[in-house]
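Following: one structure in structure tokens, then a few remarks.
There are 2 protein chains.
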Amino acid sequence: MAASGDALAAWRRQLGHERVLDDPVTLDRYAASTSSWSTRPLAILRPHDTAEVAQLVHVARAHRVPLYPISTGRNWGYGDACALADGHAIVDLSAMNRILEANAELAYVVIEPGVTQRQLSQYLREHELPLWMDCTGAGPDTSLMGNILERGFGHSPYGNRFQSVAGMELVLADGEIVHTGFGHYPSSVNRRVYPYGVGPYVDGLFTQSNMGIVTSLGLWLMPRTQALNHFLCMVREHEDIAPVIDALRPLRLDGTLRSILHIGNDLRVISGGTTFPRELAGGRVPLPEEVRQQLRTASGVGAWTVSGALYGSDAQVAAARRAVRRALAPTRAHVQLLDERKLDLAAAAARLLKGTGFGKRLAAKVALGRSLFEMNRGIPNGRFLAGAYWRRRGGLPPGFPADANPALDRCGMLWVSPVPPMRGEDLLRVHALAEPIFRRHGFDLFVTFSMINERALGGVLTVAYDAEDAAEVQRARTCYREIFDTMMATGYIPYRVGLQSMADLDSGNDGYWRMVGKIKAALDPANIIAPGRYSARQHPCA
Amino acid sequence: MAASGDALAAWRRQLGHERVLDDPVTLDRYAASTSSWSTRPLAILRPHDTAEVAQLVHVARAHRVPLYPISTGRNWGYGDACALADGHAIVDLSAMNRILEANAELAYVVIEPGVTQRQLSQYLREHELPLWMDCTGAGPDTSLMGNILERGFGHSPYGNRFQSVAGMELVLADGEIVHTGFGHYPSSVNRRVYPYGVGPYVDGLFTQSNMGIVTSLGLWLMPRTQALNHFLCMVREHEDIAPVIDALRPLRLDGTLRSILHIGNDLRVISGGTTFPRELAGGRVPLPEEVRQQLRTASGVGAWTVSGALYGSDAQVAAARRAVRRALAPTRAHVQLLDERKLDLAAAAARLLKGTGFGKRLAAKVALGRSLFEMNRGIPNGRFLAGAYWRRRGGLPPGFPADANPALDRCGMLWVSPVPPMRGEDLLRVHALAEPIFRRHGFDLFVTFSMINERALGGVLTVAYDAEDAAEVQRARTCYREIFDTMMATGYIPYRVGLQSMADLDSGNDGYWRMVGKIKAALDPANIIAPGRYSARQHPCA
């Protein structure tokens, strides 16, 4: 306690009182979490630049107070802004939000951790740069870098985001500032065009890790394309999704489909428009089958919906449209190819039919279509966060999605992210493993499988729960653990985990984790930076 | 010396006498190098599997004898099979040459270090797998893994080879066997479809490095495509290449050109068919301008030739052909689009015209065209090694390219590999920096710039010298150093270096190399594995 008091005093001398916060209201705010494993920090530190980060690391080390760096702290469903244990000092990097460089010719920007999806998207439009950002559905106010360092994925051909990183600046636990790639050569003119540099390529070491604090990175952006189509494909029956995956895989493998397709179940789509219908369900959980069918019919969705974008020249997009139709012809999929001309027509029709039920449903579809096209162009939209509010007592907050913050809004949400090989049978197997567990614990299985690369699906299974019902919170935890353990046991290892599972990644007899532990000990012997984060061997406050 | 004697004895007990070689003839063979910085090993160890690698590492560590792992040792132009200093034990992994797994559906194989380009290529054809391997021009008997771990690049859409690695098995200096990606979870069914795994992504750490000995890796392969075209584009005058680069960059950036284009100067092309014409040159070096013009005319090449492949469906390739023609129309490039129907016609014409000069030139062009198409489909060809023999006394050996081995054939070759941003002006600048240095030292500048990703060129400047002329060897070293230093000073940092330059990568005040040194010390405190390799801070035999 004395040590942390001294550290706080030293940080206040460094950053000033207004940037070292430990009042209870602020601490509560940072402790808010969509997960039920919240931790309470010692204080919040708000550096303005890399030099300040290096200085505050020195203080942390001198006083042995653990730090927990966040970008904007919106790691929804995986721990939000929380450290692994109480009493860590949160290094909130959101004030470091400069776009340090933008290069239209070579199609990249250099960003700090606080740069949000909204900010970069607006910047590109305001400066009329012919570039599009890859975008996630996590909302406009989330950090790009925070997601990239967690190896998140987006929607566009640049959706395998880590592959778009070219050069990091980072601060190590001894305060050393390191530039990766070619960036540590002051003369280098090639630091943003070739990520690997010369010598060991280390960038991966700073993703899903606690090896350092990344303070900026080069981010490749995709050039605007001549044409953009969106494609939606629906199957009515559950099992019918398997042949669709197998039909699309060759197109993903051969580069016809270069963007990340998302495959959502009925509830994933339905939850975008409504929250859990308590009255219809009559107190029953999970959602009774007849109500689910009712909602499906009302929103016109089938068991599964595939959603993806086709990018390229007019000729390329036309060829891709034909290839998609041809591939899916033998399946039971209903394919819809959207272009913006079609959307305009539908919008006009919806205006004509205003006041009718059909007109209203059409207008809603047009609005969704517009959001999808915007997303494909890197314009973020908060509407895709709606799923987080599924079991929330008050439903969607007024004004949603403006200022949506699932953690502060007391949403309950835990994510499990198994990675099945991109095969229909694997998708069905993961679903079959998870579904009975969700049902047994009274939860509705929301799931999206995304074609995160050419060979794998990134599954996201959501346990959405009522954070204000203590019994339901308990059930959610149990449900989460069972699903996590089942996926680990069956070999569908997740690509990313929440704080609560980091220690469980290491069996205790795993050469990989032993090696990671050695590297961590070499770079951060006092275990100052995010102890326990993707590093089971270095327990917090050791 | 006592220590190394004890180590040899222990290795002989382990591997048997026939797999621990230290007779002078064998040592000479392994010391042979295209570079003039050759080193002589203590012995050659030939393990057969990972367990044996782990055991021999234990012995090395116990006796403090440095190891130097090679795959097949054909690291031409960068040090071949040589360790950084004399007296290291070469761990020759070429006998570990199993293809451990092949999966046509998910398009990957799992290979050991000894698997050569020829072997995998033949395997895919013999098993009629609908997959193509990415291929380099380094010849059929080179190791795939060796090149990948050096972050080499090939020709196809999978030419950025490190991006095709999914899961490594490796042996650390303490003998621990580690599986990266998801592979360290015994249950995992997803280890070959998603490279990053969960937690820090460490694979990059084992490329261009001495952190461990990689004993197998998952390698993604490209699915065979319906259509394949080759495109050649030539400019007569030197400066005319700049607008060509700038015209092609947007097509590379937007995915129209997904494979790695190679841009070679006149000598790079000419040296594929002939060696330095000593008589024509009349004892003068470098090649006199009038002789160079004569050779250009004779072989019908311009100052620069761009060579690349278009892959995809018929519709995609047709769209790409049109896009390439449209983009290059405003430049002075002469564009030729080859398909195999055209090649067949040309072959028929060549047969008709047999005996005439024109027929002979046409037949040679057809043969080159066939080799290019084979290369694009992952069938390696030794002919692209011819450049290494440019200044060799005896010219091309009889039977070339069968069994070509530039090191044993006493070729002299040093490579410098600067990475310019993908812009015409940068290409011209690198050329303008290098050309006078080559000329001043009497060498002919061969150069290829390859579009190794969407934003960078990988330059390969070759100093080809007569290894049997001591004065020329000295000039080659000096020339090499000047070029290397110039590229470093002007910020065109190389993507890869030969043994002779590894220590020069570190200024002595470089946070990146300090960090790499710490990681090395944590994983290999006795500095047993490849001391000094991409690690200036850990000198050999420390």
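If you read the sequences in order, they're chains A and B.
The working numbering applies: residue 1 is where the first sequence begins, and numbers increase by one.
The working numbering applies: residue 1001 is where the second sequence begins, and numbers increase by one.
Even for Gly, the Cβ is constructed at its ideal location relative to N, Cα and C.
Taking residue 276 of chain A as the centre and dropping the five residues before and after it, the same chain places the C-beta of 390, 391 closer than 6 Å to its C-beta, in chain order. In this structure residue 1282 of chain B is exposed. Its beta-carbon is surrounded by fewer than 16 other beta-carbon atoms within 10 angstroms.
In this structure, residue 1355 of chain B and residue 188 of chain A do not form a Cβ contact; the two beta carbons are roughly 55 Å apart against a cut-off of 8 Å. Residue pairing by DSSP places residue 101 of chain A opposite A:110 in a beta bridge. Around residue 451 of chain A, no beta-carbon contact reaches into chain B at under 8 Å, the shortest distance being about 11 Å. Put simply, the CB of residue 1277 of chain B is far from chain A, with every gap to its CB atoms at 8 Å or more.
DSSP, reduced to helix, strand and coil, places residue 76 of chain A outside both helices and strands of the structure shown, so it counts as coil. Contacts with chain B (Cβ-Cβ distance below 9 Å) from the segment 494-519 of chain A involve 494, 495, 496, 497, 502, 505, 506, 507, 510, 511, 512, 513, 514, 515, 516, 518, 519, listed in chain order. With respect to residue 441 of chain A, residue 411 of chain A sits apart: the two C-beta atoms are not nearer than 8 Å. With its beta carbon less than 8 Å from one in chain B, residue 190 of chain A belongs to the interface. From the beta-carbon of residue 1179 of chain B, the residues of chain A found nearer than 8 Å are 511, 512. Under the three-state reduction of DSSP, residue 147 of chain A is assigned to helix.
Counted as a single uninterrupted DSSP element, the beta strand (DSSP E) harbouring residue 178 of chain A occupies residues 177-179. In the three-state scheme derived from DSSP, where H, G and I count as helix and E and B as strand, residue 1528 of chain B is classed as coil. Taking C-beta atoms under 8 Å as the contact rule, residue 138 of chain A and residue 385 of chain A qualify, at a distance of about 7 Å. Around the beta-carbon of residue 1508 of chain B, fewer than 16 other beta-carbon atoms lie within 10 Å, marking it exposed. Annotation: residue 262 of chain A to residue 449 of chain A spans about 6 Å, alpha carbon to alpha carbon. When the beta-carbon positions are compared, residue 1198 of chain B and residue 505 of chain A come within less than 8 Å of each other.
When Cβ pairs closer than 8 Å are counted between the two stretches, the segment 303-319 of chain A is seen not to touch the segment 455-472 of chain A, the count staying below three. For residue 175 of chain A, the closest alpha carbon among the candidates A:520, A:303, A:80, A:57 is that of A:57. DSSP places residue 266 of chain A within a helical segment (H, G or I) once states are collapsed to three. Within the segment 1230-1253 of chain B, those residues whose Cβ lies closer than 9 Å to any Cβ of chain A are, in chain order, 1246, 1249, 1250, 1253.
Interface residue (Cβ-Cβ distance to chain A less than 8 Å): residue 1324 of chain B is not classified as such. In the same chain as residue 1333 of chain B, and ignoring 5 residues on each side of it, the C-beta atoms closer than 6 Å to its own belong to 1233, 1235, 1244, in chain order.
The shortest CA-to-CA distance from residue 265 of chain A to any of A:192, A:249, A:430 is the one to A:430. Less than 8 Å divides the Cβ of residue 1328 of chain B from the Cβ of residue 1335 of chain B. Distance from residue 1015 of chain B to residue 1047 of chain B at the Cβ level is roughly 7 Å; contact confirmed, criterion being Cβ atoms closer than 8 Å. At least one beta carbon of chain A lies nearer than 8 Å to the beta carbon of residue 1534 of chain B.
If you ignore the 5 residues before and after residue 1359 of chain B, its C-beta comes within less than 6 Å of the C-beta of 1350, 1353, all in its own chain and listed in chain order.
Going by DSSP, residue 1305 of chain B is part of no alpha helix (DSSP H) but of the beta strand (DSSP E) stretching over 1304-1312.
Residue 233 of chain A sits in a strand when the DSSP states are folded into three classes. Apart from sequence neighbours up to five positions away, the residues of its chain that approach residue 223 of chain A with a beta-carbon distance below 8 Å are 107, 130, 131, 132, ordered along the chain. Taking a C-beta distance under 8 Å as the contact criterion, residue 1379 of chain B and residue 1153 of chain B do not qualify as a contact pair. In the three-state reduction of the DSSP assignment, residue 460 of chain A falls in the strand class, which pools E and B.
Nearest to residue 1461 of chain B by C-alpha distance, out of B:1284, B:1427, B:1489, is B:1427. Secondary structure note for residue 1250 of chain B: its alpha helix (DSSP H) is the uninterrupted segment 1241-1253.
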